[in-house]
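>
Protein chains: 2
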Amino acid sequence: MTILRAIIQNYLETGEPVGSRTISKYTDLNLSSATIRNEMSDLEEMGYIVQPHTSAGRIPSDKGYRLYVDMLMQDKQMEMDSLKLELNAKSEKLDSILKEAARVVAANTNYASMITAPRYRKRSIKFLQLTQVDDASLLAVVILEGNIVKNNIIHVDEVLTAETLLKLNLMLNTFLQGLDIEEINASVMQKLRTESGAYASLISDIIDVIATSLEGEEVEAYTSGSTNIFKYPELNDSQKASNLLTALEEKKQLTELMYQEGDSERGIQVYIGDESPLEATKDCSVVTATYHIEEGVYGKIGIIGPRRMDYQKVVGTLKNLMSELDQIFQKGK
Amino acid sequence: MTILRAIIQNYLETGEPVGSRTISKYTDLNLSSATIRNEMSDLEEMGYIVQPHTSAGRIPSDKGYRLYVDMLMQDKQMEMDSLKLELNAKSEKLDSILKEAARVVAANTNYASMITAPRYRKRSIKFLQLTQVDDASLLAVVILEGNIVKNNIIHVDEVLTAETLLKLNLMLNTFLQGLDIEEINASVMQKLRTESGAYASLISDIIDVIATSLEGEEVEAYTSGSTNIFKYPELNDSQKASNLLTALEEKKQLTELMYQEGDSERGIQVYIGDESPLEATKDCSVVTATYHIEEGVYGKIGIIGPRRMDYQKVVGTLKNLMSELDQIFQKGK
DNA sequence: TGTTAGCACTCGGCCATGCTGAGTGCTAAT
DNA sequence: ATTAGCACTCAGCATGGCCGAGTGCTAACA
Numbered sequence: 006m007t008i009l010r011a012i013i014q015n016y017l018e019t020g021e022p023v024g025s026r027t028i029s030k031y032t033d034l035n036l037s038s039a040t041i042r043n044e045m046s047d048l049e050e051m052g053y054i055v056q057p058h059t060s061a062g063r064i065p066s067d068k069g070y071r072l073y074v075d076m077l078m079q080d081k082q083m084e085m086d087s088l089k090l091e092l093n094a095k096s097e098k099l100d101s102i103l104k105e106a107a108r109v110v111a112a113n114t115n116y117a118s119m120i121t122a123p124r125y126r127k128r129s130i131k132f133l134q135l136t137q138v139d140d141a142s143l144l145a146v147v148i149l150e151g152n153i154v155k156n157n158i159i160h161v162d163e164v165l166t167a168e169t170l171l172k173l174n175l176m177l178n179t180f181l182q183g184l185d186i187e188e189i190n191a192s193v194m195q196k197l198r199t200e201s202g203a204y205a206s207l208i209s210d211i212i213d214v215i216a217t218s219l220e221g222e223e224v225e226a227y228t229s230g231s232t233n234i235f236k237y238p239e240l241n242d243s244q245k246a247s248n249l250l251t252a253l254e255e256k257k258q259l260t261e262l263m264y265q266e267g268d269s270e271r272g273i274q275v276y277i278g279d280e281s282p283l284e285a286t287k288d289c290s291v292v293t294a295t296y297h298i299e300e301g302v303y304g305k306i307g308i309i310g311p312r313r314m315d316y317q318k319v320v321g322t323l324k325n326l327m328s329e330l331d332q333i334f335q336k337g338k
Numbered sequence: 006m007t008i009l010r011a012i013i014q015n016y017l018e019t020g021e022p023v024g025s026r027t028i029s030k031y032t033d034l035n036l037s038s039a040t041i042r043n044e045m046s047d048l049e050e051m052g053y054i055v056q057p058h059t060s061a062g063r064i065p066s067d068k069g070y071r072l073y074v075d076m077l078m079q080d081k082q083m084e085m086d087s088l089k090l091e092l093n094a095k096s097e098k099l100d101s102i103l104k105e106a107a108r109v110v111a112a113n114t115n116y117a118s119m120i121t122a123p124r125y126r127k128r129s130i131k132f133l134q135l136t137q138v139d140d141a142s143l144l145a146v147v148i149l150e151g152n153i154v155k156n157n158i159i160h161v162d163e164v165l166t167a168e169t170l171l172k173l174n175l176m177l178n179t180f181l182q183g184l185d186i187e188e189i190n191a192s193v194m195q196k197l198r199t200e201s202g203a204y205a206s207l208i209s210d211i212i213d214v215i216a217t218s219l220e221g222e223e224v225e226a227y228t229s230g231s232t233n234i235f236k237y238p239e240l241n242d243s244q245k246a247s248n249l250l251t252a253l254e255e256k257k258q259l260t261e262l263m264y265q266e267g268d269s270e271r272g273i274q275v276y277i278g279d280e281s282p283l284e285a286t287k288d289c290s291v292v293t294a295t296y297h298i299e300e301g302v303y304g305k306i307g308i309i310g311p312r313r314m315d316y317q318k319v320v321g322t323l324k325n326l327m328s329e330l331d332q333i334f335q336k337g338k
């Protein structure tokens with residue numbers, strides 16, 4: 006078993022098929038290449054390693070990698086080299102934190118990274134305000150739990166008096182505060198409308214705009230370091246690179262992968278090669294992790310790299326980042 | 006001269022060096038390949054075309070392209086196939102308009118595109134508002150000319166009364182409305198501070214946050230279709246592709262290119278190969294255009310593709326988009 | 001029974017070689 | 001001024017031979 010480990014580790018470093026002689030010299034256990042060959046033969050039969058062609062060294066199969074990362078995962082402790090997010094402490098704009106996180110991870114690992122913003126739908130409205138900007142436009146600001154700010158300009162036909170505005174604001178807040186977007190259903194709307202009297206249609210407009218602005222963009226996601234994939238010859242084939250980069254640009258598929266069933270847990274998920282349901286990442290490994298902003302509100306971060314990824318480092322980095330992020334968001338509350 | 010045109014046009018289509026026989030058959034003017042050869046020889050001497058190696062066809066040199074696009078540009082009229090931005094008319098968030106514009110252009114031309122948001126520094130403040138969100142945080146909303154909304158959470162130690170808030174808001178608006186970020190100098194600050202009395206330090210904080218939030222991110226930029234470059238074999242070399250994509254990801258350099266001296270005009274700028282000061286685009290052509298939001302406030306959009314770009318189409322598309330954008334922003338006023 | 005040495009075998013990668021076809025330049029004829 | 005013809009060049013491709021890394025197997029050994 007230590008031989009499998011040795012093979013994998015060597016392959017991770019070099020990226021080239023590893024032969025029996027290399028192992029026999031490289032490791033401490035004094036075994037001749039012939040012995041190694043026998044062992045390798047066994048390992049191949051068990052499906053942990055593969056020969057790209059007769060008379061080349063062996064490379065780990067997906068199954069081999071899987072065994073390896075499983076072993077890694079239950080290792081007592083990973084060294085965590087600290088990484089500090091360099092953020093201007095004062096302003097806490099969610100998107101810049103996320104962008105920075107993606108950037109740091111990509112720079113640290115030399116792989117591509119992608120981070121998704123938490124879903125909005127589950128967040129309750131904390132505060133809501135309309136302001137008259139000029140004759141034709143209202144500004145609607147919505148603050149969600151977690152201090153996420155969304156804003157929108159709404160065009161109106163008539164100028165509202167300060168008094169009306171005050172009344173509308175009060176009403177909107179009374180009715181909507183504490184609700185999340187899914188809870189604003191027909192009955193709430195109905196109440197609001199009857200309550201608002203003459204301004205019913207305006208209210209409808211407003212709710213509409215708010216709803217689309219919250220719901221609209223699906224999950225936002227940021228990528229970084231996507232050009233890192235050129236550093237790995239096995240992905241440097243233009244066909245593969247193109248597919249991968251397209252996936253990273255589109256983001257949609259990857260987002261879906263991350264929000265797969267059953268992993269809303271804190272756990273770190275590893276998809277090796279074909280284990281991923283995504284066509285584009287068949288030649289890659291994807292490692293995803295979850296960060297939490299509060300109960301039920303979480304986002305994902307993923308690292309995409311070659312199969313022969315430095316899993317140890319990646320998992321370490323992610324764990325690290327998770328605690329870093331959790332801390333930031335804790336403070337923000 | 007019509008021969009040069011023929012050569013270039015053929016090369017634009019095929020991407021392969023074009024030989025004398027091809028031209029002789031392809032065009033209407035009935036000339037044998039030998040004649041073409043003589044002409045080509047002349048053209049080469051004049052520096053408009055180049056042989057990649059002895060006994061291959063000719064390809065246009067940068068100088069040749071330059072001549073070609075110059076001819077194009079003074080052509081009476083380009084056919085503009087209309088392209089409609091699909092935008093939800095109600096919400097007019099600048100960034101989604103820009104993203105959509107980049108997307109449409111990339112999809113229409115099959116090249117990579119990048120669009121920059123207009124610079125903020127020149128925009129004057131239209132409206133400004135502080136709101137208490139919870140015990141520890143204030144929300145600062147700034148609306149700039151052109152209905153660009155920026156917001157920031159500011160942490161405070163004490164809870165402000167509604168009255169104080171009202172006073173602060175009034176004061177901030179009186180002093181800052183109509184100014185752009187560069188006009189908020191020491192003397193204005195000084196006045197504000199003395200005026201505000203006990204809240205001087207809070208005011209400083211607020212101005213600080215506003216300033217950094219406006220100034221902070223430099224110029225925002227969005228890219229789209231960067232993976233289109235894989236469609237052109239001459240850029241499909243991993244070295245070049247990597248450089249280009251990195252440039253597109255970083256955006257910074259490209260932004261600088263776009264904001265080069267002397268082209269704040271409406272004009273469309275074309276950089277062919279080495280004409281560009283950017284190392285990364287030495288193998289490409291870059292076409293940039295300017296859109297206007299109002300006097301002195303403008304952004305740029307650029308298309309990056311291979312030297313053998315369909316200049317006609319690109320320029321047409323850009324012109325089209327420009328008028329489209331101008332219209333949208335006109336309406337928004 | 002596990003380990004080792006030795007040997008024949010396999011096969012990708014590399015290099016030299018040769019061929020082909022597209023394309024040129026030049027010259028002589030129209 | 002245009003054209004036909006011809007010799008020449010050269011990238012691209014296929015072929016074939018060689019090398020070396022690596023394997024599998026067998027026989028010897030502890």
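Line by line, the protein sequences give chains A and B.
All letters in the first sequence, in the order written, are residues 6 to 338 by the numbering used here.
All letters in the second sequence, in the order written, are residues 6 to 338 by the numbering used here.
Quick reminder that beta carbons are idealized off the backbone N, C-alpha and C, glycines included.
All values derive from a computational prediction rather than experimental measurement.
1) Is the Cβ of E18 of chain B closer than 9 Å to any Cβ of chain A?
2) Specify, as a first and last residue, the run of the alpha helix (DSSP H) that L9 of chain B falls within.
3) Measure the C-alpha to C-alpha separation of S229 of chain A and A216 of chain B and round it to an integer number of angstroms.
4) To the nearest angstrom, how far is it from the Cα of G24 of chain A to the Cα of Y73 of chain B?
5) For E300 of chain B and K256 of chain B, I'd like the C-alpha separation in whole angstroms.
6) Determine the contact status of Q400 of chain B and V146 of chain B, defining contact as a CB-CB distance below 9 Å.
7) With 16 other CB atoms within 10 Å as the buried threshold, where does M76 of chain B fall?
8) Considering only DSSP beta bridges, list what M119 of chain A is partnered with.
9) Quick one: residues in its chain with C-beta nearer than 7 Å to the C-beta of V214 of chain A, no 5 flanking neighbours on either side, listed in chain order?
10) For a contact defined as C-beta to C-beta under 7 Å, what are the partners of N241 of chain A on chain B?
11) Would you tell me roughly how many angstroms separate the C-alpha atoms of K127 of chain B and G69 of chain A, rounded to the nearest one?
12) Looking only at its own chain, which residues have a Cβ that is under 8 Å from the Cβ of T169 of chain A, when we skip the five neighbours before and after it?
13) Thinking C-alpha only, which one of B:A246, B:Q14, B:M314 and B:Y264 is nearest I277 of chain B?
14) Would you mind telling me which residues of chain A sit closer than 7 Å to F235 of chain B, beta carbon to beta carbon, in chain order?
15) Any Cβ of chain A within less than 9 Å of the Cβ of T251 of chain B?
16) By how many angstroms is the C-alpha of I333 of chain B removed from the C-alpha of N93 of chain B?
17) Provide the residue span of the alpha helix (DSSP H) that contains D47 of chain B, from first to last.
18) Do M194 of chain B and S209 of chain B have their C-beta atoms closer together than 9 Å?
19) Could you confirm whether any beta carbon from chain B is found closer than 9 Å to the beta carbon of T386 of chain A?
20) Quick check: the Cα distance between V55 of chain B and T251 of chain B, rounded to an integer number of angstroms?
21) Quick check: what's the CA-CA separation for V320 of chain A versus L323 of chain B?
22) Are T114 of chain B and I308 of chain B close, meaning C-beta to C-beta below 9 Å?
23) Report yes if the C-beta distance between K305 of chain B and M263 of chain B is below 9 Å; otherwise report no.
24) With burial defined as no fewer than 16 other Cβ atoms inside 10 Å of the residue's Cβ, what is the status of A167 of chain B: buried or exposed?
25) With distances taken between CB atoms, is the gap from N233 of chain A to A107 of chain A smaller than 9 Å?
26) Using a Cβ cut-off of 9 Å, which residues of the region 101-133 of chain B contact any Cβ in chain A, in chain order?
27) In whole angstroms, what is the alpha-carbon distance linking T121 of chain B and I189 of chain B?
28) Using 9 Å as the limit for Cβ to Cβ distance, is V154 of chain A near chain B?
29) Taking the alpha-carbon of R63 of chain B as reference, which of B:S201, B:R26, B:M78 and B:L326 has the nearest alpha-carbon?
30) From A141 of chain A to L165 of chain A, what distance separates their C-alpha atoms?
31) Going residue by residue through the region 104-184 of chain B, where are the continuous beta strand (DSSP E) segments of at least 3 residues, counting only ones entirely within it?
32) Between I309 of chain B and the ligand PLP, is the CB less than 8 Å from at least one heavy atom?
33) Between K81 of chain A and chain B, is there a C-beta pair that is closer than 9 Å?
34) Quick one: give me the first and last residue of the alpha helix (DSSP H) that T251 of chain B is part of.
35) Y227 of chain B and L330 of chain B: beta carbons closer than 9 Å?
36) Just the Cα atoms here: how many angstroms apart are L283 of chain A and Q258 of chain A?
Reading it off the structure:
1) Chain A, which has no Cβ nearer than 9 Å to the Cβ of E18 of chain B, makes this no.
2) For L9 of chain B, the enclosing alpha helix (DSSP H) stretches over residues T7 to T19.
3) Here the alpha carbons of A216 of chain B and S229 of chain A stand approximately 27 Å from one another.
4) Cα to Cα, G24 of chain A sits roughly 57 Å from Y73 of chain B.
5) Rounded to the nearest angstrom, the gap between the Cα atoms of E300 of chain B and K256 of chain B is 25 Å.
6) Coverage of chain B is limited to positions 6 through 338, which leaves residue 400 of chain B absent and any answer about it impossible.
7) Classification of M76 of chain B: exposed, given that the 10 Å Cβ count is below 16.
8) When beta bridges are read from the DSSP output, M119 of chain A appears opposite A:T228 and A:G307.
9) Hits under 7 Å: A145, N157 and I159.
10) Result: S243.
11) Taking the straight line joining both Cα atoms gives about 59 Å.
12) Cβ neighbours of T169 of chain A beyond the five flanking positions: Y204.
13) For I277 of chain B, the nearest C-alpha among the options comes from B:M314.
14) Ordered by position in chain A, the residues that pass the 7 Å Cβ test against F235 of chain B are S243 and S247.
15) Yes, T251 of chain B counts as interfacial toward chain A.
16) Because N93 of chain B sits at a pLDDT of 48, beneath the cut-off of 50, its placement in the model cannot be relied upon, and the following sentence gives the value as read from the coordinates. If I take the Cα positions, the gap works out to 12 Å.
17) Unbroken alpha helix (DSSP H) run through D47 of chain B: S38 to M51.
18) The beta carbons of M194 of chain B and S209 of chain B sit closer together than 9 Å.
19) Nothing can be reported for residue 386 of chain A, as the shown portion of chain A is limited to 6 through 338.
20) For V55 of chain B and T251 of chain B, the distance between alpha carbons rounds to 29 Å.
21) Approximately 45 Å, taken between the alpha carbons.
22) Closer than 9 Å, so yes.
23) With a cutoff of 9 Å on beta-carbon distance, K305 of chain B and M263 of chain B are scored as near each other.
24) With fewer than 16 other Cβ atoms within 10 Å, it is exposed.
25) Not a contact, by the Cβ cut-off of 9 Å.
26) The residues in question are S101, K131 and F132.
27) Their Cα atoms are separated by approximately 25 Å.
28) Using a Cβ-Cβ cut-off of 9 Å, V154 of chain A counts as an interface residue toward chain B, since at least one Cβ of chain B sits closer than that to its own.
29) Closest in C-alpha terms to R63 of chain B, from the list B:S201, B:R26, B:M78 and B:L326, comes B:R26.
30) A direct Cα-Cα distance of roughly 10 Å separates A141 of chain A from L165 of chain A.
31) Runs of the beta strand (DSSP E) inside the region 104-184 of chain B: 117-121, 130-139, 142-149 and 153-160.
32) The model depicted lacks the ligand PLP and carries no ligand whatsoever.
33) At K81 of chain A, the pLDDT of 48 sits below 50, so the modelled position is not reliable and the matter cannot be decided from this model.
34) For T251 of chain B, the enclosing alpha helix (DSSP H) covers residues S243 to E255.
35) Cβ distance not < 9 Å, so Y227 of chain B and L330 of chain B don't count as in contact.
36) Whole-angstrom Cα-Cα distance: 7 Å.
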